[in-house]
Structure formats: C-alpha cells, structure tokens
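Novice: Take a look at this one; I'll ask things after.
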Amino acid sequence: MREFFLEYKLVILTVSAILFALIFIDVVFRSAKHKIKKKKDFYKKNYGDGVVIYAGSAGGLLSYQIDDTVGLIGKPDLVMQDKKTKEVFVVDLKSGKAPLEMEKYHAFQLAAYFLMVEKNFSLPVKRGIIRYLDDGNKENSVENSDELKNELFEQVRAIADAKKKISKNEVPQLVRNHNVRHRCEVCEFRLECPQVLV
Ligand code: SF4
Numbered sequence: 072m073r074e075f076f077l078e079y080k081l082v083i084l085t086v087s088a089i090l091f092a093l094i095f096i097d098v099v100f101r102s103a104k105h106k107i108k109k110k111k112d113f114y115k116k117n118y119g120d121g122v123v124i125y126a127g128s129a130g131g132l133l134s135y136q137i138d139d140t141v142g143l144i145g146k147p148d149l150v151m152q153d154k155k156t157k158e159v160f161v162v163d164l165k166s167g168k169a170p171l172e173m174e175k176y177h178a179f180q181l182a183a184y185f186l187m188v189e190k191n192f193s194l195p196v197k198r199g200i201i202r203y204l205d206d207g208n209k210e211n212s213v214e215n216s217d218e219l220k221n222e223l224f225e226q227v228r229a230i231a232d233a234k235k236k237i238s239k240n241e242v243p244q245l246v247r248n249h250n251v252r253h254r255c256e257v258c259e260f261r262l263e264c265p266q267v268l269v
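Right, dumping it as structure tokens:
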C-alpha cells in the first residue's frame, strides 16, 4: 500500500487538488447564484417585474454638472425599468417612519438622481419613490418634471453661493425653518451654522 501511495503520490495529490478546486468553485458558484436569486426575489416582490438598470450597492457614483462650478454626485439605491411600460423610476430606501407626504428635501434628492440617471444612462426618468423599509414598505413618490428640476437648480445655486460667502467670512443670515434634528445632522453647513439642532 505504501509503495502504491509513493508511486502514485503525485497523481493522487493532483487529483485531490482538482477535486478540491471543483468543490470550492461549485460552492462559490452556488452561493453567488443564491445571492442573485435572493436579490431578484427581493426586487420582484417589492418592485414588480422590472429590470434593474443600476443598484447603488454595486455601482459607482453618478454625477451631473449643473454649470462650470456646480455639480451633483450621488448613488441612488435602485434605478428600475418597468418591463411592460418601459418607464424608468428611481427608488431610494429609507429607514424610520414614513411621513404623510414626501419631504421637500427628499424630492430634491430624487430630482438630483433624475438628472444623473438621464445623463449617465440616456433614459428619461418617469418618477422617483422613497420607500420606508421599517414602516411596512410604505412609499411616497414624486413625478419627474422641469418645475422640480428648476427648483433644485435654484436650491443648489443658493447653497453654492452661501458656501462661497461662508468661505469668505461673509456669512449670510440663516433662519432655520424647521425643527428636524435629522436634517441638521446631514446638512453640509452644520459645522458653521449658528442655528444647528444638536
Ligand atoms: S445646520 Fe443650519 S442650515 Fe443646516 S439644516 Fe440645520 S439649521 Fe438649517
């Protein structure tokens, strides 16, 4: 037996290595297939029979340049296309409780995504959805429109102007128009703002 093993040692080791590699590849392949299936099931259950055009978890940052000095960058959670109607829509997933109506700043966030998606994928976007995973998957949605985009441009330019003034110590008079601490937590002015909610 010992002689047999020594004589065929190389062959036995090679065959074992190949078998091990095949089992490993099979396990990895099955696990990848399982993950893809789980993802597809999730999309299908939550968003119907749509095609995923972009998923923020797997895609890079998208961008849109408003003018020479001001640009937008971001990562929408999902960009889907309805298989039947071919309509494209953007979905952003949130935690927490769903408000009765979409918050304006969420509408602006979606409007920014509309611009990025239209530029990066050359597809018109029909609407955007904010989906609350912790609140029974409730949704608020907003239609894509020139009006919303123009409002976003105004907001972004106002922020860019304010930032310029802040950098030159010409701080504009800020008047907080809300009592939502979370908005201050994610606001880019929170470090400089005298009215920040903490
Ligand atoms: S940090 Fe200041 S500017 Fe930003 S949301 Fe809060 S109050 Fe408004």
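Take the sequence shown: its position 95, counted from the start at 1, is 166 in this note's numbering, and no numbers get skipped.
For each residue, glycine too, the CB sits at the ideal point set by N, CA and C.
#1: For a test of your reading of the model: does the CB of Phe179 fall under 7 Å from any non-hydrogen atom of ligand 1? Yes or no.
#2: Given a threshold of 16 other Cβ atoms within 10 Å of its Cβ, counted over all protein chains shown, does Val273 qualify as buried or as exposed?
#3: Kindly indicate which residue of Arg202, Gly127 and Tyr184 has the alpha-carbon position closest to the one of Leu194.
#4: With burial defined as no fewer than 16 other Cβ atoms inside 10 Å of the residue's Cβ, what is the status of Ile201: buried or exposed?
#5: In terms of residue numbering, what span does the alpha helix (DSSP H) encompassing Ile230 cover?
#6: What separation, rounded to the nearest whole angstrom, lies between the Cα atoms of Asn250 and Leu268?
#7: As a quick exercise: from Val122, His177 and Leu143, pick the residue whose alpha carbon is nearest that of Glu158.
#8: Tell me whether Gln266, by its Cβ, gets closer than 7 Å to a heavy atom of ligand 1.
Specialist: According to the structure shown:
#1: no
#2: Residue 273 falls outside the range modelled here, since the chain spans only 72 to 269, and no answer is possible.
#3: Tyr184
#4: buried
#5: Asp217 to Ser238
#6: 8 Å
#7: Val122
#8: yes
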